[in-house]
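As C-alpha cells, the structure follows; a few thoughts come after it.
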Amino acid sequence: MNINNIRKEFPIFDEKIQNNDLVYLDSANSSQKPKVVLDRINDFYSKQFSNVGRSIHYLAVAATNLYENTRTSVQKYINAKDKNEIVFTKGATEALNLVANTLGQAILEPNDEILITELEHHSNYVPWHFLRKSKNIKIKFAEINEDGDIPIENIEKEITDKTKVIAITHLSNVTGAVLPIKEITQLAHSKGIVVVVDGCQGGPHLKLDMQDLDCDFYAISCHKMYGPTGLGVLYGKKKWLEQLPPYQGGGGMINEVKKDRISYGELPNKYEAGTMATAQVIAFDQSIKFLESIGIDNIIKHEKELIEYGQEILKKNNSVKLIGNPKDRGGVLSFTVEGVHPHDIATILDETGVAIRAGHHCCQILHDKLGIPASARASLGVYNTKDDLDKLNEGINNCKKIFDL
Amino acid sequence: MNINNIRKEFPIFDEKIQNNDLVYLDSANSSQKPKVVLDRINDFYSKQFSNVGRSIHYLAVAATNLYENTRTSVQKYINAKDKNEIVFTKGATEALNLVANTLGQAILEPNDEILITELEHHSNYVPWHFLRKSKNIKIKFAEINEDGDIPIENIEKEITDKTKVIAITHLSNVTGAVLPIKEITQLAHSKGIVVVVDGCQGGPHLKLDMQDLDCDFYAISCHKMYGPTGLGVLYGKKKWLEQLPPYQGGGGMINEVKKDRISYGELPNKYEAGTMATAQVIAFDQSIKFLESIGIDNIIKHEKELIEYGQEILKKNNSVKLIGNPKDRGGVLSFTVEGVHPHDIATILDETGVAIRAGHHCCQILHDKLGIPASARASLGVYNTKDDLDKLNEGINNCKKIFDL
Amino acid sequence: MNLKELYQEIILEHGKNPRNLGKTENFNKDAKGNNPLCGDNVHVYLKLNDQRKVEDISFEGSGCAISMASASIMTDLIKGKSDNEAKEIIEDFLGMIKENPELKNNILKEDDKTKLMCLSGVKQYPMRVKCATLSWHTLLSAMENDGKEITTEN
Amino acid sequence: MNLKELYQEIILEHGKNPRNLGKTENFNKDAKGNNPLCGDNVHVYLKLNDQRKVEDISFEGSGCAISMASASIMTDLIKGKSDNEAKEIIEDFLGMIKENPELKNNILKEDDKTKLMCLSGVKQYPMRVKCATLSWHTLLSAMENDGKEITTEN
Ligand SMILES: Cc1ncc(COP(=O)(O)O)c(C=O)c1O
Ligand SMILES: Cc1ncc(COP(=O)(O)O)c(C=O)c1O
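Chains as they are written, first to last, in this note's numbering: chain A, 1017 to 1421; chain B, 1017 to 1421; chain C, 6 to 159; chain D, 6 to 159.
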C-alpha cells in the first residue's frame, strides 16, 4: 500500500487551503472522494443519464443495470446473502429512521424496551425517541466503562423480558471503540432480540461481513466511505425486509394501486419509493472498487499504525487528554486540551490547514457522561499520514502558546 | 432564446445512442443536465469538499455557506417569503411523505378526509394511503372531466366538513393539465383546508410563485429541473413547519439531547436530519441559474409552441389518440396508437434513438379511469425541438408499418 | 438489435389474435400475474384433471404484443400436457430466455419449439424479457396453486 | 485571517477569569441559551430593580474563550445600566458583529467600547460569530423575559 499513490487519487490534496496544504482529519464527518468516483458521476450524467427502473428505452435500461450493479457490489462487499437485502437510502440517518419506524409499526408494543448505548450518535437515538413519544416505548442506555468501551456485560445487565431491540454502534465516532457486534448479536438472538447496528464508522474502517456479524440491520453512510453525498445503505435481513411494512410511499414501490386499496412491490423496490439517488448509487460502485483495490485489511493496518502513533505523540504532549482508551480503537482520536476549549483548538488548527472537528459530534449523551461540553476530534481516512498527526500535534502546541499554557 | 446554444450546454447530446442522435422525450421522468451543473459537482468535490454545518474549519464553513446559498436561490426562484421555508429532501416523494406523515401526526383525526385527484402520481397517493391504514383517514378522489382536466367544481363538490387536506398536482404528468392551484387554494383556505401541491412537473415547466399560489406546501423534484438526482425541495409555510413535528430524527436536527428528553432545532435544521445531499444541493444552485439565464417565460413559450406543434402532427396521424385535451397543457403529450401497445411503441421508437416512456407513469388510478392499462408519453424539456417531434411521428409511423396497420 | 427478430410474423399474429383468451369454464387452478412497472397483467386459468393432465387452459389480460403472443403460444403448447411435462417446458422456456441458446426438452415437437424460439428475440431487449415471461411465471404459480400473486419486478 | 486579532490579550484574560460567573442572588429575570452545533450553553441571570436598572447580572455556562470572554465583558458593561440603555448596547454590539465597522452608542465610555471592539476579531471567523453573540441574545431574551430558549443555529 503506497500512501503517496493513494493520496494522488484524491484531487483535493492538490489544492491549497488558505495557502496551506490540507491536513484533513475530519473523515469521520465525511471523507474526501477519489477521482474515479467523481469521473463516474460526470460520465454518467454527461454520457448515459436516464432515470432508472421506469422507462424501457436504451438509456433507461443501461442506467437500471448500472444501478443494480452497485447493489450487487455492495452485497458482495458486505457479504450479505441476498442482493435484495441491500436498500439504498439518502443516508445512514434515513436508514436508521426507516428501521425504527417500521419496527415500531410492526413489532413494538407500549412499554417494550429499546436498548441503546451511551456511545450512540443522535442518529441512533432520536429515531427511537420518536417511538418513545408515539408508542410509549422505553429507551435504556448501556453504560460505557472508564475506557469509553461498552463491554458486553454492560449490555447484558440492561436486558430484560421487555427488551425487543438493541440498537448499537459498530465503532464509536468519539472514543473510537469497536464493539463486539458478533457476540452482542449472539446474546441478543438467544433472547429473541433484534439487533440494529449503526455502521457509519464501521463502513470505512472495518471489515464488513453481514453473515458473520449476523445482525438484523446495518446502516451505512456512503459519503464516509469515499462515496458521494446523499446516499446511504441499509442492510436488512430478508426475513425482516419482507415482513416489515414499507417506510415511504410513492412511485416504484407499489404492486397495484386502486382507489380503495394498494399492494406494495417486492424487494428491493418496496423500500425505494420515488426517484432514487441514481447517479450517486452508480458512482458508489467506484467507491467500493476503490476500497477493494486497496483492501480493507491494508486499510485497517494503516489506520491502526496511525492511531497508535497518534496516541503515542498525544500522550507525550502534556495538557492533552485523550478521550477513551478502548481495547480496540479505530479511526478516531478525540481529546481535550486543559485550558483550551475545543472550538478554540479547531480554529487555531484551521489556521495552518489542519481540519478537525470540535463539539459534541452528535453525541451529547456521551459528553454529558464524560462531564465535558465538547471535545476535539481528529479522525482518519486512508489518505492520512504520520506527518498529518505531527501537524496536529504542532497545532496543539500552537494553541498552548497562544493560550500561554 | 437560441435552442442550438441551449442544446450545446447539455453534453449528452454530443453522444450517439446506439448510433443514433438522441431524441430525448422523457424529461417528465428526469431531465438531462447542463454542463454547469456537472462542473459544479466536480469542482465542489475536487476542490472544496467538506460536510456542512458541523465542523468549523475553513472547508466546512465554505461548504456551509454554499449550501445555504442554494437555499436562498431556491427561495428567490419560487418567491417564498422566508428562506427557512425551504427544506431539502431526497426527492419530491420524500417531501410528500414528510408532509403526509407530519400532518398525520399533528392535525389529522380518524374519519378526516383527504381530497386528492384522479390525476395524482402514486407519490401523492401512497403517503396518504399510509394514513388511511394507520389513522383511518378517508381518501376521496376529485374526478377528471372528459378532457383530462380537473375543473375546480369537481374539487368543490367533494369537499365536506371532514376535508382537512387537498393534495393535488400542479401539472399532470400524463394529461399535461395545468390545474388552477391559486383558485383551489383560495377555495380551500376559505374552508380551513390545508393545500399540498405536488409540484414535480410544475417545477420545470411553470412559473413558481409561492406567495401568489398561497398553497401551504409545494414539493419539487430537482432532477426534473436540470439538477442532480437524489434531491428534492419541500416548500412549506413557516407557520406549518414551525408547528409540525419533525419527520426524521438524527444529527443536526436537535437542540438539546438528554437521556430522558430531546428538544428539536429550529428551522431549517429541524427537517434536515443527518448528512444531507451536500454536493447535490450546492450544484442545484447552478440549475437555478441555468433556468434563470433562459427565463421561465421563454421556456414556457418554447414548450407551448412544441406542445401545439406536437398536438397538431399527432392529431393528423390517424390511429394516434392523444390522451386528454386540457385547457392549459404543459410539457407532456401522452397517447395511444390503435393496435400497438405502448411498450411496443417505446421499443420501436428506441431503435431510432427516440426515448419516450410507456406504462402507467405511476398513475394507475388515471389509467383505470381512462380504461387503458398503459399509455405512451413524450415529455419535453427546454432542449427539445420540432425536429424531435417529427422524429417521434416518424417512429409512430414505423410502428404502424411493423404492425401492418 | 433487430426489431425484425423481436417482432416476427408469428408474434405479431398471436399478439393480434391471441388463442385461448378468456376464462375457461370449470378451471380448478388459477393465478394472477402483474408487472407493476407498466401495469401489464395476466390471469391464467387451468383445468388439471384427475390424471394431472392440463385438460384446458386460458388466460385473461392485456399487454404488449410480446406478452400477448407469449401467453397465447404458451397456452397452445401446454394444453394436453401432464403437469410434470408442463413444468419441464416452463423451466426450459425460462432457461432459454435467461441464458440457454436452445430449448432442451424432449416433450415438444420441433415445430412447436420453433414457435417458442420466436420469442427469443427479447433476449436482446432486457426490459422486454418480463413481457415474455410473465404468463409463464403465472402459470407455474397457478399449477403450484400457492395463491401467491406473481410480479415480475426484479 | 489573524489569530492574534481573534485571541487578543483581553479576551484570553476574560476567557480564563470570567467576571460575574455564577448565579446571582435575587435575580428576577433569566434565560438560557444554547448552541446545538457544539453544545455550548449559557444561562444569564439579572436583577432589574424598580427603576428598571440592571442592579445585578451574572451568567453560568461553559464555552470557548470567545464565548466566555464575551459573556464576561457583557455582564461587566451592562451592570448598572437601565434596561433601555442595555438594549441599545446589545443591539449596537450585534450590529457591529454583523456588519458595522464601529459601535455607535453614546452610552458606553470609550475604553469600554474598546473592550467590546476586541471581540470584533470574530467577524473574520463566521463559524465563531455565534460564540460571541450567544450570551447577548440570551440577555435580550432574559430582559424581555419571554421564557423562550435561545439557540444560535441559523
Ligand atoms: C407528478 C409527479 N409527482 C411525483 C413524482 C415523483 O417524483 P420523484 O420521483 O422525484 O420523487 C413525479 C415524477 O416521477 C411526478 O411526475
Ligand atoms: C456513528 C455515526 N452514526 C450516524 C451518523 C450519521 O450519518 P449520516 O449523517 O451520514 O446520516 C454518523 C455520522 O455523522 C456517525 O458517525
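We put the CB at the ideal spot given by N, CA and C, even for glycine.
When only Cα atoms are considered, B:Ile-1315 and B:Leu-1307 end up about 8 Å apart. For C:Thr-80, there is no enclosing beta strand (DSSP E); the enclosing alpha helix (DSSP H) has its first and last residue at 70–83. Neighbourhood of A:Ile-1418 in chain D, by CB distance below 8 Å: Leu-8, Tyr-12, Leu-17, in chain order. Relative to A:Asn-1334, the option among A:Pro-1389, A:Val-1297, A:Asn-1409, A:Lys-1255 whose CA is nearest is A:Asn-1409.
For the region 1269–1313 of chain B, the full-length beta strand (DSSP E) segments reaching 3 residues or more read 1270–1273, 1278–1280 along the chain. Exclusion of the five residues before and after B:Thr-1086 leaves Val-1297, Ile-1298, Phe-1300, Asp-1301 as the residues of its chain whose Cβ lies within less than 7 Å of its Cβ. Taken through DSSP and simplified to helix, strand or coil, B:Ser-1188 comes out as coil. When C-alpha distances from A:Arg-1345 are compared across A:Gln-1259, A:Asn-1189, A:Gly-1266, the shortest belongs to A:Asn-1189.
Relative to ligand 2, the nearest heavy atom lies less than 6 Å away from the CB of A:Ser-1139.
Between D:Ser-87 and D:Lys-58, the C-beta gap is smaller than 7 Å, which places the two residues in contact. When DSSP states are grouped into helix, strand and coil, B:Ile-1361 belongs to the helix group. Here the distance from the Cβ of B:Ser-1066 to the nearest heavy atom of ligand 2 is not below 6 Å. In the same chain as B:Lys-1099, and ignoring 5 residues on each side of it, the C-beta atoms closer than 6 Å to its own belong to Arg-1087, Thr-1088, Gln-1091, in chain order. A Cβ-Cβ distance of about 7 Å is found for the pair C:Ile-83 and C:Leu-144, placing them in contact under the 8 Å criterion.
B:His-1239: not part of any alpha helix (DSSP H); DSSP gives it neither H nor E. With contacts defined by Cβ atoms closer than 7 Å, B:Pro-1050 and B:Phe-1065 do not form a contacting pair. Short of 7 Å from the beta carbon of A:Met-1017, and not among the five residues preceding or following it, lie these beta carbons of its own chain, in chain order: Ile-1310, Asn-1314, His-1318. DSSP, reduced to helix, strand and coil, places C:Glu-65 within a strand of the structure shown. Within chain C, the C-beta atoms nearer than 9 Å to that of A:Ile-1270 come from Pro-41, in chain order. Within the chosen limit of 6 Å, ligand 1 reaches the beta carbon of A:Thr-1291 through at least one heavy atom. The residue from D:Asn-46, D:Glu-93, D:Gln-129, D:Asn-31 with its alpha-carbon nearest to that of D:Pro-106 is D:Gln-129.
Secondary structure at B:Tyr-1093: helix, using DSSP grouped into helix, strand and coil.
Neighbours of A:Asp-1360 across chain D, judged by C-beta separation under 7 Å: Cys-69, Ala-70. The beta carbon of A:Gln-1259 lies closer than 8 Å to those of Ala-1122 in the same chain, with the five residues before and after it left out. B:Val-1068 carries a coil assignment under DSSP once its states are collapsed to helix, strand and coil. For the region 1376–1398 of chain A, the beta-carbon criterion of a distance under 7 Å to any beta-carbon of chain D is satisfied by His-1376, Gln-1380, His-1383, Pro-1389, Ala-1390. Nearest Cα to A:Leu-1038 within the set B:Gln-1048, B:Pro-1342, B:Ser-1395, B:His-1073: B:His-1073. Rounded to the nearest angstrom, the gap between the Cα atoms of B:Gly-1208 and B:Lys-1180 is 7 Å. Three or more beta-carbon pairs drawn from the region 1248–1267 of chain A and the region 1114–1128 of chain A are found closer than 8 Å, and the two stretches are therefore classed as touching. In the DSSP secondary-structure assignment, A:Ile-1019 is not bridged to any residue.
Residues of the region 129–153 of chain D with a C-beta less than 9 Å from any C-beta of chain A: Tyr-130, Met-132, Arg-133, Cys-136, listed in chain order. When the beta-carbon positions are compared, A:Met-1226 and A:Ile-1019 stay at least 7 Å from each other.
Per DSSP, the unbroken beta strand (DSSP E) holding C:Asn-40 starts and ends at 34–40. Buried is the label assigned to A:Thr-1191, since at least 16 other Cβ atoms lie within 10 Å of its Cβ. Ranked by Cα distance from A:Lys-1417, the options A:Gly-1243, A:Glu-1354, A:Thr-1245, A:Gly-1248 are led by A:Glu-1354. Burial is judged here by how many other beta carbons sit within 10 angstroms of a residue's own beta carbon; A:Leu-1421 has fewer than 16 and is exposed.
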